[in-house]
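Chemist: What follows is a structure written as structure tokens; I'll ask about it next.
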Amino acid sequence: MKLRAVDYLAVLIALLAIGGFSLYAYAGRAGAGEVVIEASGAQWIYPLNSDRREKVMGPLGGTIVAIKDGSAAVVDSPCPDKLCVHMPAISKPGQWIACLPNRVFVRVRGTSGEKIDDISY
Amino acid sequence: MRKSTTSLTRRLDLVALLGALCLFLSAIEYMIPKPVPFLRVGIANLPVLICLDLLPVPLVLLVVLLKILGQALLGGTLLSYVFLFSAVGSLASAFSMLFFRRLCGRHISLIGVGILGALFSNTMQLWLARVLIFGEGAWLIAPPFIALGTITAAALGAFAERFASRSRWLAAAREIT
Amino acid sequence: MKHRKLGVFLQAHATPGALLAAGALLFPAFLLQQDLVLRALQIVIVTSLNALTGRRVRPAQFLVIAAGIVLFNLAIPTGKVLVAVLGLPLTEGALKTGLSKATVMIGLIALSQFSLRSDLRLPGWMGGLIGRSFYYFELIMSQSRRIDRKDIIGSIDRILIEVQAGGGPASGSSRAPVRSTLKGILALAAVVCVNWVPLVYSLVHPRPFWGV
């Protein structure tokens with residue numbers, strides 16, 4: 001079976017495509033990180049790259065967590081001093097925000113479990 | 122050379138026959154037991170590969186259309202997403218195969234054409250799956266899906282090349298067109 | 299294909315086009331349905347109709363497809379964690395989205411099977427071309443025993459030559475009537491109405507059983 005010039009090129013393009021998809025799926029987008037919210041003994045997980053607002057209930061009421069543009073922040077909470085609302089948005093694995101009075105804990109982690117996460121300086 | 126009506130009729134007849142061959146090969150592929158249900162070898166694409174050189178572009182597209190519609194009617198999937206996947210995949214593959222075949226001429230064989238056609242077809246179908254049914258999880262199988270598609274396309278292209286060189290039927294058909 | 303009573307009835311009293319129109323009318327009833335339980339009910343209704351008209355119904359195939367779609371959606375955790383299996387958290391949001399998409403997919407497949415009859419022809423020359431193609435297809439199938447595995451190319455070649463030579467004018471074997479009868483149209487109308495009931499219910503009672 002004689003292979004011609006562009007056949008080899010086609011194979012190369014295919015290999016590049018496979019490589020590109022692998023990077024995208026396993027290291028890029030899908031590896032963008034997750035937001036884990038813990039409250040009232042339950043756990044919620046959301047991808048970091050999906051914009052949304054979620055309300056979780058604690059003993060004092062509903063805490064609202066917003067995910068936008070790759071970072072998560074607490075936008076409202078029924079606690080007295082709203083320390084959690086003033087904490088800066090988190091976006092890197094290992095970072096966290098907590099509303100202690102309402103017992104809500106928000107953190108970012110790498111996808112599928114606690115891997116060794118990048119620590120940024 | 123002016124195309125007479127009889128010549129067009131004979132060409133359309135050829136189109137119908139090639140479409141029927143697509144359906145026949147679909148039926149065969151359906152009956153082959155597969156370890157994984159989603160594994161598609163795509164032997165129904167063989168007639169399309171064969172007629173890339175044989176027929177003018179509109180008639181090649183007509184063969185593809187017959188393949189898509191025929192599969193949908195026989196399989197009863199015309200109104201479902203399956204039809205959409207089939208249509209998008211087959212058309213993407215047909216357009217890209219025609220393009221590269223005409224562009225590269227002798228420098229590409231049906232193997233390369235098949236590989237590129239599969240690449241375009243599978244990528245489009247992945248995107249469609251991401252939008253319609255799988256969500257972001259679709260990208261997780263993208264690499265093995267594309268890899269498998271490339272291998273089967275190369276094998277199919279090799280088979281098509283052999284068929285094209287040895288088929289007496291095809292030689293006779295070339296006389297008609 | 300066994301022709302059960304409903305199948306025989308529809309064959310005699312409804313054109314393939316009428317059947318397709320009925321299917322098209324049911325199309326939105328699936329897509330607009332927001333409630334998963336109701337949509338599952340609609341699937342059961344259509345699948346039962348398929349069985350009644352004698353078509354092969356393969357629930358195993360539906361389950362495999364549904365499982366695949368749900369699994370893909372579960373792969374990206376979204377929402378409240380219900381249970382963790384082998385380290386992967388299964389979330390409520392992902393499960394709902396997965397089930398929703400799976401039910402739409404299966405529903406449309408079942409609907410498609412109901413509304414398509416193999417003698418459906420598109421109007422005009424395209425329909426004629428498809429008809430001719432199907433005719434050749436049947437010819438090829440009738441010759442398919444002659445495929446020799448050791449010489450696949452040769453046998454396909456031989457079949458093609460034979461079929462092309464033997465291709466007379468397509469006989470267009472349609473047992474379907476040229477026009478639908480009133481009984482057929484009423485039957486199809488009943489089918490359409492029955493399938494719209496779950497959708498109407500969900501619109502009137504805005505508290506679905508388990509909605510997306």
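Protein chains in written order, with my numbering: chain C, 1 to 121; chain P, 122 to 298; chain W, 299 to 510. Glycine is no exception: its CB is placed at the ideal position from the N, C-alpha and C atoms. Bear in mind the structure is a predicted one, so any value in this text is a computation, not a measurement.
Are the beta-carbon atoms of residue 343(W) and residue 492(W) separated by less than 8 angstroms?
Modeler: In this structure, residue 492(W) lies closer than 8 angstroms to residue 343(W) by Cβ.
Chemist: Output needed for residue 265(P): all residues of its chain with C-beta closer than 6 angstroms, excluding positions within five of it in sequence on either side, in chain order.
Modeler: none
Chemist: Using a Cβ-Cβ cut-off of 8 angstroms (strictly less than) and excluding sequence neighbours within five positions of residue 91(C), which residues of its own chain qualify?
Modeler: For residue 91(C), where only same-chain residues beyond five positions count, the Cβ hits under 8 angstroms are 33, 48, 70, 71, 72 and 108.
Chemist: Listing by chain order, which chain W residues have their CB less than 8 angstroms from the CB of residue 42(C)?
Modeler: 378 and 379
Chemist: Could you tell me the boundaries of the alpha helix (DSSP H) in which residue 105(C) lies?
Modeler: Per DSSP, residue 105(C) belongs to no alpha helix (DSSP H); it is in the beta strand (DSSP E), 104 to 109.
Chemist: Kindly say whether residue 3(C), judged by its beta-carbon, lies nearer than 8 angstroms to any beta-carbon of chain P.
Modeler: yes
Chemist: Is residue 233(P) close to chain C, meaning its C-beta is less than 8 angstroms from at least one C-beta of that chain?
Modeler: Residue 233(P) belongs to the set of residues whose beta carbon lies under 8 angstroms from a beta carbon in chain C.
Chemist: Would you mind stating whether residue 17(C) and residue 233(P) have Cβ atoms separated by less than 8 angstroms?
Modeler: no
Chemist: Measure the beta-carbon distance from residue 358(W) to residue 486(W) and round it to whole angstroms, keeping in mind my assumption that it falls under 8 angstroms.
Modeler: 29 angstroms between Cβ atoms; not a contact.
Chemist: So is residue 46(C) in contact with chain W if we call contact Cβ pairs under 8 angstroms?
Modeler: yes
Chemist: Report buried or exposed for residue 296(P), applying the criterion of at least 16 other Cβ atoms within 10 angstroms of its Cβ.
Modeler: exposed
Chemist: Looking only at its own chain, which residues have a Cβ that is under 8 angstroms from the Cβ of residue 441(W), when we skip the five neighbours before and after it?
Modeler: The residues are 457, 460 and 461.
Chemist: Closest Cβ-Cβ distance between residue 273(P) and chain C: below 8 angstroms?
Modeler: no
Chemist: According to the Cβ coordinates, are residue 405(W) and residue 340(W) closer than 8 angstroms?
Modeler: Yes, they are a contact pair.
Chemist: Excluding the 5 residues flanking residue 80(C) on each side, which residues of the same chain have their C-beta closer than 6 angstroms to its C-beta?
Modeler: none
Chemist: Thinking residue 214(P) and residue 166(P) are a contact (beta carbons under 8 angstroms), I'd like their distance in whole angstroms, please.
Modeler: 7 angstroms
Chemist: Around the Cβ of residue 186(P), are there at least 16 other Cβ atoms within 10 angstroms (buried) or fewer (exposed)?
Modeler: By the 10 Å Cβ count, residue 186(P) comes out buried.
Chemist: Quick check: the Cα distance between residue 162(P) and residue 278(P), rounded to an integer number of angstroms?
Modeler: So the two alpha carbons sit approximately 12 angstroms from each other.
Chemist: Quick one: list the residues of chain W neighbouring residue 137(P), beta-carbon separation under 7 angstroms, in chain order.
Modeler: 427, 430, 431 and 434
Chemist: Taking only the alpha-carbon atoms, compute the straight-line gap between residue 480(W) and residue 293(P) and give it to the nearest angstrom.
Modeler: Rounded to whole angstroms, the gap between the alpha carbons of residue 480(W) and residue 293(P) is 51 angstroms.
Chemist: From which residue to which residue does the beta strand (DSSP E) around residue 76(C) run?
Modeler: 71 to 76
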